[in-house]
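Numbering (our numbering), first residue to last: 187 to 385.
Reading through the structure tokens given below for one structure.
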């Protein structure tokens, strides 16, 4: 585990604290420096520019979401002893991750991903976390496949990406003025696994 210099960590944490009461685009370098008590010279010693600090914070938030997903899904799926167990885990996770309360996290994640389009530096950092999640889910679905719970002809990595795609894809409904019934959405996901993906 890489140790982060205390000053760098304080700058990151200060930005995170400020983001609780301010929009990201409203937070300036002066706000971070005034709140943290850190000098401008120290800021630019640890970051190439203020933009890199923002990127680092975004990666931190993104990685926290990834870690939470890995722990929640892999632990429960690995412990599954039947297809019914797997269906139960996936239904519970879908119900939780697709709830209205999680909408801000979904929107933040899609916003962060969209910023990689013209930002190779951010894209490289996010890719590491994203690959970690995809690989962890791929391993657990491969394990379930070896136990005979998932159809042999299916690629575990494709299933891993599919789970992430429908989890984050619900943002199209988050911004709707007439959102769908989330329970019906979860039921659809359940049916796809029950009738198409699981053996």
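Note that CB positions come from ideal geometry on N, CA and C, so glycine has one too.
Keep in mind that this is a model prediction, so the values were computed, not measured.
| field | Candidates 253, 209, 266, 291, of which the one nearest residue 317 by Cα | value | One-based indexing of the chain shown puts residue 317 at position 131. The shortest C-alpha separation from residue 317 is found at 253.
| field | Outcome for residue 202 when other beta-carbon atoms lying within 10 angstroms are tallied against a minimum of 16 | value | By one-based count along the chain shown, residue 202 stands at place 16. Under this definition residue 202 is an exposed residue.
| Which term fits residue 314, buried or exposed, when burial requires 16 or more other beta carbons within 10 angstroms of its beta carbon? | Against the chain shown, residue 314 aligns to sequence position 128. When all chains shown are included, residue 314 counts as exposed.
| Residues that residue 336 bridges to, as DSSP identifies them | Counted from its first residue, the chain shown places residue 336 at position 150. DSSP output for residue 336 lists 384 as bridge partner(s).
| request: Buried or exposed for residue 222, please, with buried defined as at least 16 other CB atoms from any protein chain shown within 10 angstroms of its CB. | output: Against the chain shown, residue 222 aligns to sequence position 36. Burial call: buried.
| said: Helix, strand or coil for residue 236? Go by DSSP, reduced to three states. | reply: To locate residue 236, count along the chain shown from 1; it is residue 50. Residue state, collapsed to three classes: helix.
| field | For residue 286, three-class secondary structure by DSSP | value | Locating residue 286 in the chain shown gives position 100, counting from the first residue. If DSSP states are grouped into helix, strand and coil, residue 286 belongs with the helices.
| task | Could you pull out every residue in the same chain whose Cβ sits closer than 8 Å to the Cβ of residue 190, ignoring the five residues on either side in sequence? | result | In the chain shown, residue 190 corresponds to position 4, counting from 1. Result list for residue 190: 198, in chain order.
| task | With DSSP as the reference, label residue 267 as helix, strand or coil. | result | As a first step, residue 267 is located in the chain shown; it is residue number 81 there, counting from the start. Coil.
| message | Quick check: residue 294 and residue 246, are their CB atoms within less than 9 Å of each other? | response | Here residue 294 refers to the residue found at position 108 when the chain shown is read from its first residue. Here residue 246 refers to the residue found at position 60 when the chain shown is read from its first residue. No, these two residues do not count as a Cβ contact at 9 Å.
| said: Residues in the same chain with beta-carbon distance under 7 Å from residue 226, minus the five sequence neighbours each way, listed in chain order, please. | reply: What you label residue 226 is simply residue 40 of the chain shown in a count that begins at 1. Closer than 7 Å at the Cβ level, and outside the excluded window around residue 226, lie 219.
| query | Roughly how many whole angstroms lie between the Cα atoms of residue 369 and residue 206? | reply | Here residue 369 refers to the residue found at position 183 when the chain shown is read from its first residue. Here residue 206 refers to the residue found at position 20 when the chain shown is read from its first residue. In a straight line, the C-alpha of residue 369 is about 30 Å away from that of residue 206.
| said: I need the straight-line Cα distance from residue 281 to residue 375, nearest angstrom please. | reply: Within the chain shown, numbered from 1, the residue matching residue 281 stands at position 95. Within the chain shown, numbered from 1, the residue matching residue 375 stands at position 189. When rounded, the distance between both Cα atoms is 10 Å.
| Which stretch, first to last residue, makes up the alpha helix (DSSP H) that contains residue 345? | Taking the chain shown and counting its residues from 1, the one referred to as residue 345 is at position 159. Run containing residue 345: 342-355, per the alpha helix (DSSP H) assignment.
| request: Please report how far the alpha carbon of residue 343 lies from the alpha carbon of residue 256, in whole angstroms. | output: Numbered from 1 along the chain shown, position 157 holds the residue referred to as residue 343. Numbered from 1 along the chain shown, position 70 holds the residue referred to as residue 256. Cα to Cα, residue 343 sits roughly 14 Å from residue 256.
| Proximal residues to residue 296 (C-beta, below 8 Å), its chain only, five neighbours per side dropped | Looking up residue 296 in the chain shown gives position 110. Excluding sequence neighbours, residue 296 sits near 354, 357.
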